[in-house]
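Data first, discussion second: the structure below is written as structure tokens.
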Amino acid sequence: MRATDIGEAATNSALTITNVTKNYGDVRAIDGLDLTIRAGETVALLGPNGAGKSTTIAMLLGLTAPDTGTVRVLGGDPERAVRNGRIGAMPQENRLIPRVKVRELIGFVRECYPAPPPLAEILETARITDLAGRWADKLSGGQTQRVRFAIALAGAPELIVLDEPTASLDVESRRELWAAIRGYAASGRTVLFSTHYLEEADDNADRIVVVDRGRLIADGTSAEIKQRVAGRTVSVDLPAGTALDRLPGVVAVEIRGDRAHLRSTDSDATVLALAGAGVVRNLEVTGAALEDAFLALTDTTKETV
Amino acid sequence: MFGYLRLEMLRLMRDGGYLFMTLIMPVVTYLVFTNLSSVTGQDHREAALYAMVGMAGFGALGAVLNNGVGVAEDKSLGWIRQLRLLPLSPLQVVAARTLCGMAVAFPPIAAVCLLGALVNGVSLGAGQWLAIVALLWLGIAPIAVLAMGIGYLFDAQKAQMSGALGYLGLSLIGGLWIPIKQFPHWLQTVATFTPANRYGELSWRIAFGGTFSVAAAAGLLAWFAIFGGFAVYAYRRSVRTA
Numbered sequence: 001m002r003a004t005d006i007g008e009a010a011t012n013s014a015l016t017i018t019n020v021t022k023n024y025g026d027v028r029a030i031d032g033l034d035l036t037i038r039a040g041e042t043v044a045l046l047g048p049n050g051a052g053k054s055t056t057i058a059m060l061l062g063l064t065a066p067d068t069g070t071v072r073v074l075g076g077d078p079e080r081a082v083r084n085g086r087i088g089a090m091p092q093e094n095r096l097i098p099r100v101k102v103r104e105l106i107g108f109v110r111e112c113y114p115a116p117p118p119l120a121e122i123l124e125t126a127r128i129t130d131l132a133g134r135w136a137d138k139l140s141g142g143q144t145q146r147v148r149f150a151i152a153l154a155g156a157p158e159l160i161v162l163d164e165p166t167a168s169l170d171v172e173s174r175r176e177l178w179a180a181i182r183g184y185a186a187s188g189r190t191v192l193f194s195t196h197y198l199e200e201a202d203d204n205a206d207r208i209v210v211v212d213r214g215r216l217i218a219d220g221t222s223a224e225i226k227q228r229v230a231g232r233t234v235s236v237d238l239p240a241g242t243a244l245d246r247l248p249g250v251v252a253v254e255i256r257g258d259r260a261h262l263r264s265t266d267s268d269a270t271v272l273a274l275a276g277a278g279v280v281r282n283l284e285v286t287g288a289a290l291e292d293a294f295l296a297l298t299d300t301t302k303e304t305v
Numbered sequence: 001m002f003g004y005l006r007l008e009m010l011r012l013m014r015d016g017g018y019l020f021m022t023l024i025m026p027v028v029t030y031l032v033f034t035n036l037s038s039v040t041g042q043d044h045r046e047a048a049l050y051a052m053v054g055m056a057g058f059g060a061l062g063a064v065l066n067n068g069v070g071v072a073e074d075k076s077l078g079w080i081r082q083l084r085l086l087p088l089s090p091l092q093v094v095a096a097r098t099l100c101g102m103a104v105a106f107p108p109i110a111a112v113c114l115l116g117a118l119v120n121g122v123s124l125g126a127g128q129w130l131a132i133v134a135l136l137w138l139g140i141a142p143i144a145v146l147a148m149g150i151g152y153l154f155d156a157q158k159a160q161m162s163g164a165l166g167y168l169g170l171s172l173i174g175g176l177w178i179p180i181k182q183f184p185h186w187l188q189t190v191a192t193f194t195p196a197n198r199y200g201e202l203s204w205r206i207a208f209g210g211t212f213s214v215a216a217a218a219g220l221l222a223w224f225a226i227f228g229g230f231a232v233y234a235y236r237r238s239v240r241t242a
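Sequence order for the protein chains is A and B. Sequential numbering of the first sequence, starting at 1, is according to the numbering used here. Sequential numbering of the second sequence, starting at 1, is according to the numbering used here.
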């Protein structure tokens with residue numbers, strides 16, 4: 001792809017999901033989902049098991065059709081985008097076929113596409129150059145996932161969709177795979193991946209889309225999502241006789257041992273008020289972890305259901 | 001499509017156990033079967049010729065049905081779904097895989113025919129030989145397509161069972177082992193409608209000095225259409241559920 005094409009594409013949407021629902025029997029897997037991803041973004045689809053991540057991805061790849069609503073990928077039908085070699089995919093299975101070498105496998109995949117990069121470049125990007133001569137079914141879990149990633153990128157597609165790429169990998173293998181994925185995303189391609197690991201979304205995505213029970217419950221950068229929920233936590237040694245829950249900004253108070261943890265939407269005001277009351281001892285101010293944000297968000301939906 | 005065909009052929013060529021089994025079964029049964037006088041009865045020459053076509057067909061049947069089991073195994077690895085996500089048309093994928101099955105069917109056909117000529121003294125004109133080998137090879141296409149349907153529809157274990165059932169069932173009722181003339185009358189009538197019998201009939205006709213059987217060819221074409229429909233159904237279903 002030429003540089004001008006990428007510049008032009010950046011203003012367009014890579015995929016659009018509009019008001020989609022999908023049922024499996026009586027179970028509503030997707031419940032009125034709307035989502036637009038712009039070209040060039042790296043987006044994490046984050047949610048607990050059964051949130052609808054895999055169903056969403058299956059629809060984006062044209063493997064299943066929505067009951068209502070529309071799914072558009074690269075300006076058209078998902079199946080057409082697949083047929084034209086504009087999407088690369090890493091579905092959620094983790095084995096490779098026997099009796100074929102990695103080089104032969106990737107060589108075959110790249111020849112399916114209209115304008116693939118040289119084989120050596122693909123192997124390099126996926127960090128599997130040293131595995132080229134190995135039997136595809138005789139690799140470790142991490143090696144297997146990198147080969148499967150190479151299958152997804154072998155045609156240099158505009159959009160890559162990865163369904164839980166690091167599930168069941170050890171820390172080192174995850175790091176290697178992410179290095180490879182980020183390298184590909186840095187070349188201006190759109191990457192959508194699903195995960196239920198919060199740190200992974202935090203570390204590797206420009207934007208996080210949180211889904212639960214088939215609905216979108218948050219959408220933004222990881223900083224935005226953290227901020228949206230909880231603000232910060234202010235901790236001090238437990239003071240006697242202060243009405244902590246009446247302090248400015250405080251939305252929740254938790255006492256653990258002799259420490260008070262105040263969840264605050266305005267930590268500056270909370271700290272000033274604590275100082276005014278003369279109870280600042282061992283003061284600590286921490287940002288909310290994404291994990292807290294995530295739990296808070298999914299809790300909220302449970303209450304409203 | 002040729003890239004995919006090449007890849008699958010490469011995998012097949014490396015599957016020594018499968019290739020050996022497809023060859024050894026019909027070869028051994030043919031030699032044993034035709035050299036036991038209790039089985040062949042009076043006319044050894046006729047039996048050798050009849051069983052040559054029968055056992056070559058039996059070998060071809062086993063080869064293509066086993067190829068369907070391979071599809072079911074690949075499906076369990078996620079390979080079939082991965083192929084679906086490449087810019088390849090489903091028809092190309094299924095056609096290439098069917099051709100693989102037919103490629104594996106060729107060695108047992110050739111081996112049994114060679115043994116017929118060299119060991120059992122079958123003598124035919126060059127035209128007859130050519131026609132028989134070609135018909136045995138091309139005529140297996142409907143069963144090769146049936147095997148695709150089985151591979152796409154079932155998991156590996158069920159595909160294996162269906163394959164084994166089809167292997168024995170179709171070849172027995174089709175008369176590949178024992179001429180259907182020895183069946184009860186009603187069963188003869190049923191047998192002449194089965195795919196393996198229409199398949200064998202094409203070559204038996206030529207082998208015993210007859211002409212090309214249009215009726216048998218038409219029957220096989222009908223089975224090709226039926227099994228093709230089944231394979232398309234099975235493929236669509238597997239894409240939905242995989």
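Every residue gets a Cβ at the ideal spot worked out from N, C-alpha and C, and that includes glycine.
Every unbroken alpha helix (DSSP H) inside the segment 39-112 of chain B [4 residues or more]: 44-76 and 79-84
Compile a chain-ordered list of the residues in the segment 15-30 of chain B whose CB is closer than 9 Å to at least one CB of chain A. D15
Chain-ordered neighbours of G78 of chain B on chain A, where CB pairs are closer than 7 Å: P91, E93 and R95
Using a beta-carbon distance below 7 Å, is V20 of chain A in contact with chain B? no
Using the beta-carbon count (16 or more within 10 Å), is N12 of chain A buried or exposed? exposed
At a CB distance below 8 Å, what residues from the segment 96-123 of chain A approach chain B? Give them in sequence order. L96, I97, P98, R99, V100, E104, L105, F108, V109, E111, C112, Y113 and P114
Quick one: what does DSSP say L169 of chain A is sitting in, helix, strand or coil? coil
Apply the 10 Å Cβ neighbour rule to Q182 of chain B and answer buried if 16 or more other Cβ atoms are within range, or exposed otherwise. exposed
By DSSP, does F294 of chain A sit in helix, in strand, or in coil? helix
In chain A, what lies closer than 8 Å to V104 of chain B by C-beta? Within chain A, no residue comes near V104 of chain B; the closest Cβ sits about 14 Å away, beyond 8 Å.
Cβ-based burial, L36 of chain B [other Cβ within 10 Å; buried from 16]: exposed
Any beta carbon from chain A within less than 7 Å of P108 of chain B's own beta carbon? no
Given 8 Å, three or more beta-carbon pairs between the segment 93-107 of chain B and the segment 57-74 of chain B: yes
For D202 of chain A, is the classification buried or exposed, using 16 other Cβ atoms within 10 angstroms of its Cβ as the cut-off for buried? buried
From the DSSP output, in three-state form, read off I122 of chain A for me. helix
Any residues in the segment 64-86 of chain A with a beta carbon nearer than 9 Å to a beta carbon of chain B? Which ones, in chain order? T64, V82, R83, N84, G85 and R86
Nearest-angstrom Cα distance between E199 of chain A and S54 of chain A? 19 Å
List, in chain order, every chain A residue whose beta-carbon is nearer than 9 Å to that of R240 of chain B. L63 and T64
Alpha-carbon spacing of L7 of chain B relative to H44 of chain B, whole angstroms: 44 Å
At a CB distance below 8 Å, what residues from the segment 140-159 of chain B approach chain A? Give them in sequence order. none
Under 8 Å between beta-carbons, which chain A residues line up against P87 of chain B? List them in chain order, please. V82, R83, N84, G85, C112, Y113, P114 and G155
Which term fits R148 of chain A, buried or exposed, when burial requires 16 or more other beta carbons within 10 angstroms of its beta carbon? buried
The segment 155-164 of chain B touching the segment 71-79 of chain B, judged by at least three CB pairs closer than 8 Å: yes
In the DSSP assignment, find the unbroken alpha helix (DSSP H) run with L5 of chain B in it and report its ends. F2 to M13
Using 10 angstroms around the beta-carbon of I96 of chain A, count the other beta-carbons present and answer buried if the total reaches 16, otherwise exposed. This sequence places Leu at residue 96 of chain A; Ile is not what is there. Buried, by the Cβ-count rule.
Is there a Cβ from chain A that is less than 7 Å from the Cβ of R237 of chain B? no
What's the call for P118 of chain A, buried or exposed, on a 16-neighbour Cβ count within 10 Å? exposed
Alpha carbon to alpha carbon, how far is S235 of chain A from A223 of chain A? 21 Å
Alpha helix (DSSP H) segments (min. 4 residues) lying fully within the segment 85-166 of chain A: 102-112, 119-125 and 141-153
Paired residues, beta bridge with T18 of chain A - DSSP: A:T70
Should D212 of chain A be labelled buried (16 or more other beta-carbon atoms within 10 Å of its own) or exposed? buried
Please give me, in chain order, every unbroken run of the alpha helix (DSSP H) with length at least 4 that falls completely inside the segment 154-236 of chain B. 156-173, 185-191 and 195-207
Could you check which residue in A:T70, A:G155 and A:V253 has the C-alpha nearest to that of A120 of chain A? A:G155
With 16 other Cβ atoms within 10 Å as the buried cut-off, status of S264 of chain A: buried
I30 of chain A touches chain B at which residues, Cβ-Cβ below 7 Å? Ordered by position in chain B, no residue passes the 7 Å Cβ test against I30 of chain A, which lies about 16 Å from the chain.
Is there a Cβ of chain A sitting closer than 7 Å to that of R81 of chain B, yes or no? yes
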